[in-house]
Each structure stands twice: as C-alpha cells, then as structure tokens.
Amino acid sequence: MAKELTSLVDSIEGLRLADETTKWTGSASSCPSPTQQALVEAIRTLIQSCEATSAHAQLESLAESTHTPSGQDIAKLSSLRRKVTALARIAETFSDATERYIIAYITSLAGPGTLVRKMLSHFHNKLRSIARDVLNSTSDDSNVLREILEICYNQALHTSGTLHSDDYFIPLGEASLEWPYDPDFESEEYYEHEERLAVDDGYAEVFRVRCERKSEKERQQREEWIRFWVQALNKCPDGPTLFYPPASRLPQCHLADVPRYLFRAFDDGSSGRSDHYIVASMESISATSGRSRVDLFSRTEEEATAMLHGHLTKSCFKGDDADNLMSWSSSLLFVIQYAIWRCHQRGCDPSEIEICMVDTRKFPRGQFARDMSLLRAYREAPGLNESMRKFFDFRLGNAIYDNGEYLSQGVLHHAGRSSMASLAQLIRAGLHNLYHEFADPAAMGLWTNRVRDLRLRWAIERTTTQLEIQTAVEMARACFNRFDASDIALLLLSFKNRKLRALPTIGMFQISKVTIAKRGFSKAQERRRNPNDGGPDEVQRYMTIAETMMPRDRDGWNAIRWFSSTSQLLEEVLECS
1 MAKELTSLVD SIEGLRLADE TTKWTGSASS CPSPTQQALV EAIRTLIQSC EATSAHAQLE
61 SLAESTHTPS GQDIAKLSSL RRKVTALARI AETFSDATER YIIAYITSLA GPGTLVRKML
121 SHFHNKLRSI ARDVLNSTSD DSNVLREILE ICYNQALHTS GTLHSDDYFI PLGEASLEWP
181 YDPDFESEEY YEHEERLAVD DGYAEVFRVR CERKSEKERQ QREEWIRFWV QALNKCPDGP
241 TLFYPPASRL PQCHLADVPR YLFRAFDDGS SGRSDHYIVA SMESISATSG RSRVDLFSRT
301 EEEATAMLHG HLTKSCFKGD DADNLMSWSS SLLFVIQYAI WRCHQRGCDP SEIEICMVDT
361 RKFPRGQFAR DMSLLRAYRE APGLNESMRK FFDFRLGNAI YDNGEYLSQG VLHHAGRSSM
421 ASLAQLIRAG LHNLYHEFAD PAAMGLWTNR VRDLRLRWAI ERTTTQLEIQ TAVEMARACF
481 NRFDASDIAL LLLSFKNRKL RALPTIGMFQ ISKVTIAKRG FSKAQERRRN PNDGGPDEVQ
541 RYMTIAETMM PRDRDGWNAI RWFSSTSQLL EEVLECS
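Start counting the sequence shown at 1; every next residue gets the next number (UniProt numbering).
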C-alpha cells in the first residue's frame with residue numbers, strides 16, 4: 001500500500017510550472033515519506049498546473065484571433081504544447097497509479113500467502129479492467145470503491161463472470177492431473193487403474209474417498225473466494241451488510257430469488273432512518289460498536305432468532321435499538337395500502353408518506369433476503385420459545401397473509417438505484433381513478449386484512465379498458481420516472497387478474513393465449529414446488545407476464561421497448577374492452 005501511495009505522489013510531484021515552461025523536479029528518492037497529506041498536496045499541484053495551462057491556452061487562443069500570426073506566436077504555442085503534452089503524460093501515469101493503488105488496497109484485505117491472495121494475483125488484469133471501467137464512468141467519486149467491489153462480487157458469483165472461480169480452478173485441476181489418473185496419457189498404468197476400480201472394492205473405496213475429499217476441499221476454497229468479496233464489501237466505507245449464509249453452517253438455508261422491484265413506505269415516524277439516499281436500521285444509527293455491519297447469519301442463533309422475531313412483530317412506529325433489519329415488499333399493492341393506513345393512523349397529509357422503489361438488479365446479491373427464507377432457516381433453532389415458534393409457523397403456513405416481505409441489514413445506499421414518490425403524488429397521478437377502492441374512507445384504517453380482501457376481489461379475471469392503461473402509464477411516468485414506464489404500468493395493472501389477448505403479436509411472432517397460460521401455470525407450479533419462491537398473487541401475475549413476454553439478457557429483464565407507444569404495447573398484451 002505504501003509503495004502504491006508513493007507512486008501516486010511521484011506521478012504528480014515532479015510537475016512544476018515556472019516562467020511559462022514545464023520543468024520536472026525531484027524523483028521518488030527525493031520525495032518525503034508519503035502520507036495522505038502529501039497526496040493531497042500533490043493532487044493540488046496537478047490541479048493548479050492544469051488550471052494554469054488551461055488559462056494560458058485560452059489567452060493564446062484569444063491573442064491568435066486578434067492579430068496576424070507571427071514567429072513569436074509559434075514559439076509560445078510550441079511552449080504551451082510542451083506543457084499540455086507533459087500534463088497528458090502525467091495524467092496517464094496518475095490514472096495508472098490510481099488503478100494500482102485500488103488493486104493494492106483490495107489485495108491487502110487478503111492474508112499473505114493465502115489462496116485468495118493467489119487468486120487475486122491470477123485475476124489481476126481483470127481486476128484492473130473493472131477498476132478502470134468504474135473510474136471512467138462514475139459520477140460519484142465517494143462511492144467508487146463500493147461500486148468496484150460490488151461489480152467484483154457479482155463477477156465472482158456468476159458462472160459467466162470474469163472473476164468466477166472456474167477460471168482459476170479448472171486450469172489448475174487440468175494441470176495437476178497425474179498418471180495413472182489422466183486418460184490423456186492412455187498408458188498401461190491408466191488402464192490398470194481403471195481395471196482395479198472395477199474389481200478391487202477396497203481400492204475403489206480409497207479412490208472414492210480421496211476424490212470426495214478433493215472435491216470438498218475445492219468447494220470450500222470456492223466458498224472462501226465468494227466470502228472474501230462479501231467481507232470486502234462489509235469493510236468498505238458505506239458498503240452493504242449482505243445476507244451470506246455459509247454452506248458449512250447453514251446447509252439447509254437457500255435464499256429465495258429477489259424480484260426485480262421492491263418497495264418501502266416510510267415517513268418521519270418510521271423506525272430507523274429512511275430518505276432519498278439511504279435506508280438505515282435502528283442499530284446502525286444508534287450503536288457505536290459497529291454491530292450493524294455484522295450479518296444476521298454471523299450472529300448466534302439465539303441473537304438472530306430474537307432479532308428476526310422482534311423485527312417482524314414490532315410496532316410500525318418505533319423500533320428496538322438493537323434491531324438491524326429494515327422491511328421491504330415486492331407488492332406495491334400492499335405498500336400503497338400500508339401508506340394509506342399510516343397516513344390515517346398519524347393523521348398526516350399524504351405528501352408526508354414516501355414510497356421508495358428500488359431496482360434490485362443494481363444491488364449485490366444478498367442485499368435483500370426473503371422473510372420466508374429466514375424463518376425457515378431458524379424455525380428449528382433451539383432458542384425458540386413457544387411464542388416465537390407459533391409466530392414462525394403462522395407466517396410460514398398462511399399464504400393469504402404473504403405480502404412478499406424482504407429484509408435488508410444495516411445501511412443501504414439506494415440513491416441512483418431507486419425512484420421516490422409520495423402518496424400524494426400517486427393520488428394526483430390517478431391512483432383513485434385506476435383503483436377507486438383506495439379512496440374508500442371506511443377502509444383507510446385497515447391494512448393487512450384490507451389487502452387480503454382486495455386480492456380476493458381482484459382475483460376474478462376481467463378485461464382492461466384503454467383508460468386504465470393510459471392512467472397506469474401516466475402514473476408510471478409521473479411517479480417512478482427513473483424506471484421504464486411500460487414495466488411499471490404493467491406492474492400497476494397486475495393488481496387485478498386481467499385477461500390476456502388471444503394472439504398477442506410480438507414482432508414477427510404470435511404467442512397464443514394457451515401458450516401463455518401453460519407457461520404461467522408451469523411457472524406457478526415451479527414456485528409452489530419451491531417454498532422459497534412465490535409471493536403475493538399480483539406479484540406472480542406481473543412476473544409471469546413479464547417473464548413470458550419480455551426478452552431476456554444476462555442482467556435479467558430488458559425493459560419492454562418493442563413499440564414506440566407504451567400504451568400500444570400494453571394493449572397488445574392485455575384484452576381491452
């Protein structure tokens with residue numbers, strides 16, 4: 001790290017502007033011991049040099065435009081060109097040193113001589129490329145490190161990622177094959193080995209155990225690679241606290257897939273802190289011990305179950321200082337009714353209730369965890385008392401009250417990955433026109449039971465009017481304009497069970513209603529088979545149509561962009577009356 005900091009300082013320290021010429025002074029050996037202050041001063045020197053050169057260039061350009069060029073002008077331009085070239089050279093060197101400094105920081109997080117350190121060395125060029133891309137594209141310097149680590153984590157997770165462990169272990173495994181086990185040798189020893197496996201049970205058993213141990217060791221090493229990036233993010237300033245269930249401790253825990261969009265309603269009376277930039281837990285804003293950076297899965301079972309139970313049963317207007325969880329929902333229907341209920345309970349204006357919508361694709365895996373996944377992971381914990389056990393069983397066994405709850409931990413930075421709207425904005429944009437039930441004064445003091453009743457009422461299949469489509473599109477554009485209007489309008493319209501067109505035309509293709517129904521039924525069956533999936537009816541309706549009708553790319557859903565008109569697209573999908 002010290003070497004990289006020296007390089008950063010040296011990249012700038014030699015540049016001085018004096019008497020309109022560029023001079024190189026000093027060297028690495030003559031620099032004082034590098035410190036952060038030295039780096040700040042060196043950067044200030046570079047900025048001053050750039051500003052001076054820029055001002056000089058503007059003056060020369062002005063002078064050139066007001067009189068006939070002369071030999072003296074050419075000499076001045078040549079001098080200025082030398083300065084600009086020197087600055088460009090310094091900028092390139094500085095950029096290179098910045099990348100190396102970032103990689104040195106990441107490498108310093110792994111212990112010397114460890115497998116992770118070797119893997120970081122193996123992926124060095126790819127890490128540099130990721131750092132360079134983020135530095136070139138970011139508009140938020142304060143979050144550069146977090147963005148780099150999040151991308152590295154995602155690239156390490158996905159099998160097609162540039163940092164996936166296969167790129168390290170597969171060549172290593174191929175290189176370590178020795179006779180007589182490598183079939184490429186096609187030697188007498190290889191065939192003898194194969195024959196002994198077939199006839200000698202003892203030999204075969206020893207070989208099987210040996211292979212299993214090798215496979216288990218590699219599995220643990222691969223998990224160590226992922227764990228490194230989780231911990232690196234956790235140590236990063238403003239980094240996320242991810243849900244990461246170690247396979248060695250919780251082999252039965254499998255976190256459910258997270259829907260593309262999650263929602264959260266809040267106001268000044270909500271627990272923790274929620275605003276246009278962050279969502280922070282009570283523990284993260286009240287504790288000084290740093291416990292909010294401790295993953296739920298890294299806590300004792302007793303502490304984890306107590307926190308989970310306490311959070312899911314707490315009052316909506318206060319929270320425990322030790323609560324490190326914050327709630328989200330995949331159901332916008334549920335969140336809107338919750339916002340109406342909060343507004344009624346507090347007697348406040350709808351403009352005071354905010355709804356935050358996040359695109360989960362822009363967050364690292366593990367940022368959100370399904371409540372059902374966590375409840376299943378801890379339902380057999382020895383520390384559960386009878387009251388806790390009954391609550392866990394109730395939540396897991398009553399699908400009618402499943403509102404698609406997801407949880408985040410610690411501090412979540414959502415700026416740039418979210419869209420915000422107040423309840424008042426939704427109403428002004430046409431919420432009551434699209435769903436007049438939300439305007440019913442008698443139901444404003446109701447919440448979960450009201451949502452249950454609306455789902456039952458809206459489960460009956462019906463056609464859609466063009467006015468409904470137009471209203472949904474206008475709401476999407478007015479309230480959640482950071483996201484694709486077609487996508488959000490479809491999500492809003494999915495509150496009701498709507499008939500689909502018999503032959504929706506998608507480009508050159510026509511997909512029959514039967515095909516869509518079969519795909520939808522198949523996906524519903526798949527979700528029922530997997531207890532971690534599913535969710536509220538309206539969320540499943542949206543996901544089924546979206547997954548069926550939208551093209552896919554490696555990042556997930558593409559926004560629907562086949563037609564120039566958003567309303568026309570939805571009319572092609574939904575049966576209109």
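Even glycine gets a Cβ: it sits at the ideal position worked out from N, Cα and C. Please read all numbers here as calculations on a predicted model, not as lab measurements.
- Counting along the chain, alanine 421 sits inside no alpha helix (DSSP H); it lies in the beta strand (DSSP E) bounded by residues 418-422.
- Following the DSSP letters along the chain, one finds isoleucine 278 inside the beta strand (DSSP E) bounded by residues 278-280.
- Residue pairing by DSSP places serine 327 opposite Leu407 in a beta bridge.
- Aspartate 323 places its beta carbon less than 9 angstroms from that of serine 281.
- Annotation for isoleucine 355: no alpha helix (DSSP H) segment contains it, though the beta strand (DSSP E) segment containing it runs 354-359.
- Here the C-alpha atom of glutamate 150 lies approximately 30 angstroms from the C-alpha atom of isoleucine 545.
- Cysteine 576 is bridged by DSSP to Thr464.
- The continuous alpha helix (DSSP H) containing arginine 395 extends over residues 386-397.
- In this structure the stretch 357-373 touches the stretch 148-168; the number of beta carbon pairs closer than 8 angstroms is three or more.
- The three-state reading of DSSP puts threonine 114 in coil, since its state is none of H, G, I, E or B.
- With contacts defined as CB atoms closer than 9 angstroms, phenylalanine 266 and cysteine 356 qualify as a contacting pair.
- Contact between tyrosine 401 and threonine 465 does not hold, since their C-beta atoms are separated by about 31 angstroms, which reaches or exceeds 8 angstroms.
- Closest option to asparagine 403, judged by alpha-carbon separation, among Arg455, Phe368, His413, Asp359: Arg455.
- Burial check for glutamine 409: the Cβ neighbour count within 10 Å reaches 16 or more, so the residue is buried.
- For leucine 262, the uninterrupted beta strand (DSSP E) segment begins and ends at 261-266.
- Minimum Cα-Cα distance from arginine 346 among the listed residues Glu195, Arg428, Ala424, Gly269 corresponds to Gly269.
- Using a Cβ distance threshold of 9 angstroms, proline 240 and threonine 360 do not count as a contacting pair.
- The beta carbon of valine 144 sits closer than 7 angstroms to the beta carbons of Val134, Leu135, Thr138 from its chain, once the five residues preceding and following it are set aside; these are given in chain order.
- Per DSSP, the beta-bridge partners of serine 274 are Val279.
- Counting other Cβ atoms within 10 Å of its Cβ, glutamine 72 stays below 16 and is therefore classed as exposed.
- The continuous stretches of alpha helix (DSSP H) do not include threonine 241, and DSSP gives it neither H nor E.
- The stretch 432-452 makes contact with the stretch 465-477, as at least three CB pairs between them are under 8 angstroms.
- DSSP links arginine 455 through a beta bridge to no other residue.
- Its Cα nearest to that of serine 142, the residue Asp238 stands out among Asp238, Arg342, Leu500.
- Inter-residue distance for glycine 111 and leucine 446 is about 55 angstroms (C-alpha atoms, whole angstroms).
- According to DSSP, residue pairing for histidine 413 in a beta bridge involves Ile278.
- Secondary structure of alanine 369 (DSSP, three-state): strand.
- Taking a 10 Å sphere around the C-beta of proline 382, we find fewer than 16 other C-beta atoms and assign the residue as exposed.
- Around methionine 444, the same chain offers Ile340, Trp341, Cys343, His344 as residues with beta carbons nearer than 8 angstroms, after the five sequence neighbours per side are excluded.
- CA-CA distance, isoleucine 103 to isoleucine 148, rounds to 10 angstroms.
- The beta carbon of lysine 235 sits closer than 7 angstroms to the beta carbons of Leu109 from its chain, once the five residues preceding and following it are set aside; these are given in chain order.
- The C-alpha of isoleucine 427 lies about 24 angstroms from the C-alpha of glutamine 568.
- Across the set Gln231, Thr162, Phe391, Thr566, the C-alpha of Thr162 shows the shortest separation from the C-alpha of arginine 128.
- Boundaries of the alpha helix (DSSP H) harbouring isoleucine 151: 144-157, taken from the DSSP string.
- With respect to the C-alpha of isoleucine 170, the residue from Ala204, Val209, Gln221, Arg196 having the closest C-alpha is Gln221.
- Judged by DSSP in its simplified three-state form, arginine 482 adopts coil rather than helix or strand.
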